[in-house]
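**Student:** Numbering (the numbering used here), first residue to last: 415 to 704.
A virtual CB, placed ideally from N, CA and C, is assigned to each residue, including glycine.
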């Protein structure tokens, strides 16, 4: 078959695979993919790529990773392939390996909101919150003429991670969480109104009132869970408790554990004791409490 004709057949096949995929006719799509791969000895990038997407949607993450890696071998400079390799590694909990892939994609490509956002996610799960906050901020502040869903998700996590990083610095809190002046005006115009629940949570955190913060979490529990942010929110609640313990022990050196429990919203002195032990073990507090 002449090269031009072969190219036309390949493009037609890829178009058909694409149409079957977006119609979510996955079984027929896989049949067409296998037919295409058989005709070219498995050396077809797009059919492999779509097969990997379907595998991942069906929960076969390891298989999807192998397929995305195969597609990358066929075309190492395709950013889409690299991003999907990184995504599969992230879903497998291999966050450091995913970061390496995203850095490679960034090196050979242009600025990409998805890459910045996913790097932030990886650092967040590694509990390197300073780095996570940095990448979420970049994602939100990238020059743009329109707000994307990824920017919205990054902004939500930016606020929550910002509480974990700067929540114990009340005097500089607003300044530390403020977006840079070069941020596109549409971010403030559109993103902040879409994040009213998160804005309310930040305000409650700043009030140092654990009951108020827990009330906001309960109020928006369904939303926060739907955003897959409830685990992060629970860390924020725990962070406020520890911040309040630090603040009170610095101000009232002779407070008893019972007094601390009452003031920070914990049920028993034993809960306060566990928090303090955890703080000492994590190196977040060097003070002793009497």
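At the level of alpha carbons, what is the spacing between residue 500 and residue 513?
**Tutor:** Their Cα atoms are separated by approximately 7 Å.
**Student:** Can the beta-carbon of residue 431 be found less than 8 Å from the beta-carbon of residue 450?
**Tutor:** Yes, Cβ-Cβ distance for residue 431 and residue 450 is below 8 Å.
**Student:** If you pair each beta-carbon of the segment 539-553 with each one of the segment 517-524, do three or more pairs fall below 8 Å?
**Tutor:** In short, these stretches do not touch, since the Cβ pair count stays below three.
**Student:** Which whole-angstrom value describes the C-beta separation of residue 556 and residue 534, a residue pair presumed to lie in contact below a C-beta threshold of 8 Å?
**Tutor:** The pair is not a contact, with the Cβ atoms about 12 Å apart (cut-off 8 Å).
**Student:** Once you ignore the five residues that flank residue 628 on each side, which residues in its own chain have a CB closer than 7 Å to its CB?
**Tutor:** Correct list, in chain order: 651.
**Student:** Closer than 8 Å by C-beta to residue 596: which residues in its own chain qualify, once you throw out the five before and the five after it? Chain order, please.
**Tutor:** For residue 596, where only same-chain residues beyond five positions count, the Cβ hits under 8 Å are 555.
**Student:** Return helix, strand or coil for residue 653, following the three-state DSSP convention.
**Tutor:** If DSSP states are grouped into helix, strand and coil, residue 653 belongs with the helices.
**Student:** Does the beta-carbon of residue 610 have 16 or more other beta-carbons within 10 angstroms, so that it is buried, or is it exposed?
**Tutor:** So residue 610 counts as exposed.
**Student:** Beta-carbon within less than 6 Å of residue 586's beta-carbon, same chain only, minus the 5 sequence neighbours each way: which residues are those?
**Tutor:** Here residue 586 scores only 49 on pLDDT, less than 50, and its place in the model should not be relied on; the value that follows carries that caveat. Taken in chain order, the list of residues that qualify is empty.
**Student:** Under a Cβ-count criterion, where at least 16 other Cβ atoms within 10 Å of its own Cβ denotes burial, should residue 567 be classed as buried or exposed?
**Tutor:** Buried, by the Cβ-count rule.
**Student:** Does the Cβ-Cβ distance between residue 631 and residue 637 come in under 8 Å?
**Tutor:** Taking 8 Å as the Cβ cut-off, residue 631 and residue 637 do not qualify as a contacting pair.
**Student:** From the DSSP output, in three-state form, read off residue 532 for me.
**Tutor:** Residue 532 falls in the helix class under three-state DSSP.
**Student:** Whole angstroms are fine: how far does the CA of residue 577 sit from the CA of residue 666?
**Tutor:** Note that residue 666 has pLDDT 47, beneath the 50 cutoff, so the model's placement of it is unreliable and the number below is only indicative. Those two C-alpha atoms are separated by around 24 Å.
**Student:** When the Cα of residue 498 is compared with those of 511, 458, 482, which residue comes out closest?
**Tutor:** Minimum Cα distance to residue 498 is reached at 482.
**Student:** Tell me the DSSP secondary structure of residue 540 in three-state form.
**Tutor:** Of the three classes helix, strand and coil, the one that applies to residue 540 here is coil, per DSSP.
**Student:** Rounded C-beta distance between residue 505 and residue 529? I'm assuming under 8 Å.
**Tutor:** With 8 Å as the limit, residue 505 and residue 529 do not qualify as a contact, their Cβ atoms being about 16 Å apart.
**Student:** Mind checking which residues open and close the alpha helix (DSSP H) that includes residue 563?
**Tutor:** Per DSSP, residue 563 belongs to the alpha helix (DSSP H) from 563-580.
**Student:** Let me make sure I understand the geometry here. Which of 570, 532, 602 has the alpha-carbon closest to that of residue 516?
**Tutor:** Comparing Cα-Cα distances from residue 516 to each of 570, 532, 602, the minimum goes to 532.
**Student:** So, is residue 635 buried or exposed, given that buried needs 16 or more other C-beta atoms within 10 angstroms?
**Tutor:** By the neighbour-count rule (16 or more Cβ atoms within 10 Å), residue 635 is not buried but exposed.
**Student:** Determine the contact status of residue 706 and residue 447, defining contact as a CB-CB distance below 8 Å.
**Tutor:** Because the chain is modelled from 415 through 704, residue 706 falls outside the range shown and cannot be assessed.
**Student:** Quick one: what does DSSP say residue 438 is sitting in, helix, strand or coil?
**Tutor:** Correct three-state label for residue 438: coil.
**Student:** Closest to residue 442 by CA distance: which of 427, 507, 616, 598 is it?
**Tutor:** Residue 427 is the option with its Cα nearest to residue 442.
**Student:** Measure from the alpha carbon of residue 459 to the alpha carbon of each residue in 563, 472, 493, 606, then state which is nearest.
**Tutor:** Cα-wise, what sits closest to residue 459 is 493.
**Student:** What residue from 508, 565, 495 has the CA that sits closest to residue 403's CA?
**Tutor:** The requested residue 403 does not occur in the structure, where the chain is confined to residues 415 to 704.
**Student:** DSSP three-state call for residue 457: helix, strand or coil?
**Tutor:** Coil at residue 457, not helix or strand.
**Student:** Considering only residues of the same chain and omitting the five flanking positions on each side of residue 462, which have a CB-CB separation below 6 Å?
**Tutor:** So the list reads 481, 484, 485, once near-sequence residues are dropped.
**Student:** Can you tell me whether DSSP reads residue 586 as helix, strand or coil?
**Tutor:** Interpretation of residue 586 is limited by its pLDDT of 49, a score under 50 that renders its predicted location unreliable; the figure taken from the coordinates is listed afterwards. Note: residue 586 maps to helix in three-state DSSP.
**Student:** Need the endpoints of the alpha helix (DSSP H) that residue 629 sits in, please.
**Tutor:** Its alpha helix (DSSP H) spans residues 624-633.
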